[in-house]
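Chains as they are written, first to last, in the working numbering: chain G, 1 to 147; chain P, 1001 to 1147. From the three backbone atoms N, C-alpha and C, an ideal C-beta is built for every residue, glycine too. This structure is a prediction, so every number in the text was calculated from the model and none was measured. Shown next, in structure tokens, is the structure this report addresses.
2 protein chains.
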Amino acid sequence: MHPPTARDEALAALRGMGERVTAPRAAVIEVLAGTAEHLSAEEVAASARGRGHDLHLATAYRALKTLSSLGLVRHTHLPGGSTTYHLSTSAGPRAHAHAACTSCGKVVDVPEEWLDDLVRRVRSEQGFELAPHHAALTGRCADCRPA
Amino acid sequence: MHPPTARDEALAALRGMGERVTAPRAAVIEVLAGTAEHLSAEEVAASARGRGHDLHLATAYRALKTLSSLGLVRHTHLPGGSTTYHLSTSAGPRAHAHAACTSCGKVVDVPEEWLDDLVRRVRSEQGFELAPHHAALTGRCADCRPA
DNA sequence: CACTATGACGCGAACCATTCGCATCTGCAA
DNA sequence: TTGCAGATGCGAATGGTTCGCGTCATAGTG
Chain G
1 MHPPTARDEA
11 LAALRGMGER
21 VTAPRAAVIE
31 VLAGTAEHLS
41 AEEVAASARG
51 RGHDLHLATA
61 YRALKTLSSL
71 GLVRHTHLPG
81 GSTTYHLSTS
91 AGPRAHAHAA
101 CTSCGKVVDV
111 PEEWLDDLVR
121 RVRSEQGFEL
131 APHHAALTGR
141 CADCRPA
Chain P
1001 MHPPTARDEA
1011 LAALRGMGER
1021 VTAPRAAVIE
1031 VLAGTAEHLS
1041 AEEVAASARG
1051 RGHDLHLATA
1061 YRALKTLSSL
1071 GLVRHTHLPG
1081 GSTTYHLSTS
1091 AGPRAHAHAA
1101 CTSCGKVVDV
1111 PEEWLDDLVR
1121 RVRSEQGFEL
1131 APHHAALTGR
1141 CADCRPA
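Take a look at the structure:
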């Protein structure tokens, strides 16, 4: 009935780090564990409300920030100012960067290893440690790209 | 006295594209031509005011958007929501991408050719045409990076 | 198992960067 | 010189996110 869920894993991790396990935090984790999508804070709050939890937007932001700083959640800044969140469980999808289409807004996943050379180069020559998944790349997707 | 300035070059280009040459647009170009920095819209407006031009912030945004769409100005989205603008003249600095430190906010320039392999790969395998200079990469700079 | 204090929550207001609506003004082609 | 498409100035609106503050609950303590 209950395969070991990403949800339980994350909640256990939360507790293990000495953080409080509160209803809003659990709701956020539950929502993120229940989808493969990248959700905005607003979507997280809405989805939590749809499941019967009453989650204020500001609280969703706070929970997401906390979980991010603990490493349980990853967030990606999209051009246009919005931010998307997803769980970073061991069982989750492989690490990937994002590329957002400036025309239609579509986001495609870019395998993180495609960025390895760049990361190495920037590190060795500029001492800068890139976090490639943290901000989306931009460009034009196949559909919007000029011929 | 007057070497052919980036300012004149840009103004001529504006005119040549059949666009109106207005005082606000000229002021924006003048400000951007007068610095090697990347400026925010607010900084552009402030700097223009400092030079005696009266430039409303909304107008600065409109001018910057117009100039961007014409290719005379490039803009880069930084994490945190702000955007920086710089002239994209032939005489300007070499094309480069940006990497912003999530800790101290410092922005370092990354040679665009370091991204060539990535761009090629994403294009050939996903049909997505990256514009690497358009959004800043993120990470930790040499000073803020954990040892 | 009750008690308490630390830290989270809920709420609305505040904030920041950016955009919009609209009346007015102006560059530039005729 | 004139006409008008299009640009400006202004303030108000928007979208995303954070803050202040009074209230409430988790989790360690006795």
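- prompt: When DSSP labels each residue in this structure, what does G:A23 get in the three-state scheme?
  reply: helix
- prompt: The alpha helix (DSSP H) spanning P:L1064 covers which residue range?
  reply: L1057 to S1069
query: Would DSSP call P:D1008 helix, strand or coil?
result: helix
message: Would G:A136 pass as an interface residue toward chain P - the criterion being a Cβ-Cβ separation below 8 Å?
response: yes
- prompt: Taking only beta-carbon atoms, is G:E112 less than 8 Å away from chain P?
  reply: no
query: Distance, Cα to Cα, P:R1074 vs P:R1051?
result: 22 Å
- prompt: Per DSSP, G:E129 forms a beta bridge with which residues?
  reply: P:R1140
Residue interval of the alpha helix (DSSP H) (run including G:A135): Segment: none, G:A135 is in no alpha helix (DSSP H) and carries neither H nor E.
- prompt: Roughly how many whole angstroms lie between the Cα atoms of P:K1065 and G:A135?
  reply: 22 Å
message: Give me the chain P residues within the contact set of G:H77, using Cβ-Cβ distance strictly less than 7 Å, ordered along the chain.
response: P1079
Near-chain G residues of the region 1008–1028 of chain P - C-beta to any C-beta below 9 Å: none
field: Those residues which DSSP pairs with G:P146 across a bridge
entry: Beta-bridge pairing links G:P146 to no other residue.
query: By a C-beta neighbour count over all protein chains shown, 10 Å radius and 16 as the cutoff for buried, is P:E1030 buried or exposed?
result: buried
task: Using 10 angstroms around the beta-carbon of P:P1146, count the other beta-carbons present and answer buried if the total reaches 16, otherwise exposed.
output: exposed
task: Could you tell me the distance, in whole angstroms, from the CA atom of P:D1117 to the CA atom of G:R120?
output: 13 Å
query: Say the cut is 7 Å; is the CB of G:R123 nearer than that to a heavy atom of the ligand FAD?
result: The ligand content of the structure shown is nil, which means the ligand FAD is not present either.
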